[in-house]
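One structure is given below, encoded as structure tokens.
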Amino acid sequence: AQSVSQHNHHVILSEAASLELGCNYSYGGTVNLFWYVQYPGQHLQLLLKYFSGDPLVKGIKGFEAEFIKSKFSFNLRKPSVQWSDTAEYFCAVTSSGNTGKLIFGQGTTLQVKP
Amino acid sequence: EPEVTQTPSHQVTQMGQEVILRCVPISNHLYFYWYRQILGQKVEFLVSFYNNEISEKSEIFDDQFSVERPDGSNFTLKIRSTKLEDSAMYFCASNPTTSTDTQYFGPGTRLTVL
């Protein structure tokens, strides 16, 4: 069965620090990969996605993620975080040809200190 | 920008009662989903719906659950006889084209079963 694992449950950073959140998935076939963000009191919003092509994808608000197929990973990065990046981050995967069911990781809470 | 909306934002009910959670997906979307997140746990897939029928459901989605798209705009999740363990945040999502494209999430309904 497909599964998604996020290594960091709670990350605390100071403003301007660099961020990397780990995400690994288990599935042998073709996958589509997503990072969603949930700001306090708001709904899940798409940060970025990977379907095919360049494995380095850029999203909104300066975030990027790299798909490394050999490692089954899709880590999220940002060179310099801001206080407004405080949120919960979810990695998710869906496989091509299925009904669109998203499998989520357990989420990472990012707290950025001003 | 069009958004997925959900009502109510918070529903409190007694164990054994029926609840209906409502969602209005984005108007030209074709695929619809329900997910739930029990406090402190992962976002879990419940059901996907396309062309007026369920396309996939999870093990959680037992006979107590049902979904409907009664009027071409609303998408509802009914829990026939609620249990304490149904307490969770329920998210509706929709996507416009292929089943594996980006899903747009609503703000969620927090269901509390007493």
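Order-wise, the sequence lines are chains A and B.
Per the working numbering, residue 1 is the first one in the first sequence, and the count goes up by one each step.
Per the working numbering, residue 1 is the first one in the second sequence, and the count goes up by one each step.
Cβ atoms here follow ideal geometry from the backbone N, Cα and C, with glycine treated the same way.
Point to revise | C-alpha gap between B/P107 and A/K71, whole angstroms | key: Reading the second sequence from its first residue, position 107 is the one you call residue 107 of chain B. Reading the first sequence from its first residue, position 71 is the one you call residue 71 of chain A. Approximately 33 Å, taken between the alpha carbons.
**Study point:** Contact list for the region 32-49 of chain A against chain B, Cβ threshold 8 Å
**Key:** N32, F34, Y36, Q42, H43, L44, Q45, L46, K49
Exercise for review: Check the Cβ-Cβ distances between B/Y50 and every residue of chain A, and say whether any is below 9 Å.
Suggested key: To locate residue 50 of chain B, count along the second sequence from 1; it is residue 50. Closer than 9 Å: yes.
Check your understanding: Under 9 Å, do B/L21 and B/V47 count as touching if we go by C-beta distance?
Key -> Numbered from 1 along the second sequence, position 21 holds the residue referred to as residue 21 of chain B. Numbered from 1 along the second sequence, position 47 holds the residue referred to as residue 47 of chain B. No, the Cβ-Cβ distance between B/L21 and B/V47 is not below 9 Å.
Check your understanding: How is the beta strand (DSSP E) around B/Q37 delimited, first residue to last?
Key -> For the purposes of this step, residue 37 of chain B is taken as the residue at position 37 of the second sequence. Run containing B/Q37: 31-37, per the beta strand (DSSP E) assignment.
Point to revise | Limits of the beta strand (DSSP E) - the one that A/W35 falls within | key: Against the first sequence, residue 35 of chain A aligns to sequence position 35. Run containing A/W35: 31-38, per the beta strand (DSSP E) assignment.
**Study point:** Beta carbon of B/A93 nearer than 9 Å to that of B/F32
**Key:** Locating residue 93 of chain B in the second sequence gives position 93, counting from the first residue. Locating residue 32 of chain B in the second sequence gives position 32, counting from the first residue. Taking 9 Å as the Cβ cut-off, B/A93 and B/F32 qualify as a contacting pair.
Practice item. Compare the C-beta of B/D86 against all C-beta atoms of chain A and say whether one is closer than 9 Å. Key: Counted from its first residue, the second sequence places residue 86 of chain B at position 86. So, not an interface residue.
Point to revise | Other residues of its chain near A/S26: CB distance less than 7 Å, five sequence neighbours each side excluded | key: Within the first sequence, residue 26 of chain A is the residue found at index 26, counting from 1. Once the five neighbours on either side are set aside, the close Cβ partners of A/S26 are Q2, S3, F72.
Point to revise | Reduced DSSP category for A/E66 - H, G, I as helix; E, B as strand; rest coil | key: Stepping through the first sequence from its first residue, residue 66 of chain A is reached at position 66. Three-state result, A/E66: strand.
Review point. Are the Cβ atoms of B/Q6 and B/Y90 separated by less than 9 Å?
Key: Position 6 of the second sequence, counted from the first residue, corresponds to residue 6 of chain B. Position 90 of the second sequence, counted from the first residue, corresponds to residue 90 of chain B. Against a cut-off of 9 Å, the Cβ pair of B/Y90 and B/Q6 comes out as a contact.
**Study point:** Sequence ranges, alpha helix (DSSP H) only - wholly within the region 79-104 of chain A, length at least 4
**Key:** none
**Study point:** B/E1 - DSSP class collapsed to helix/strand/coil
**Key:** Numbered from its first residue, the second sequence carries residue 1 of chain B at position 1. In this structure, B/E1 counts as coil in the three-state DSSP scheme.
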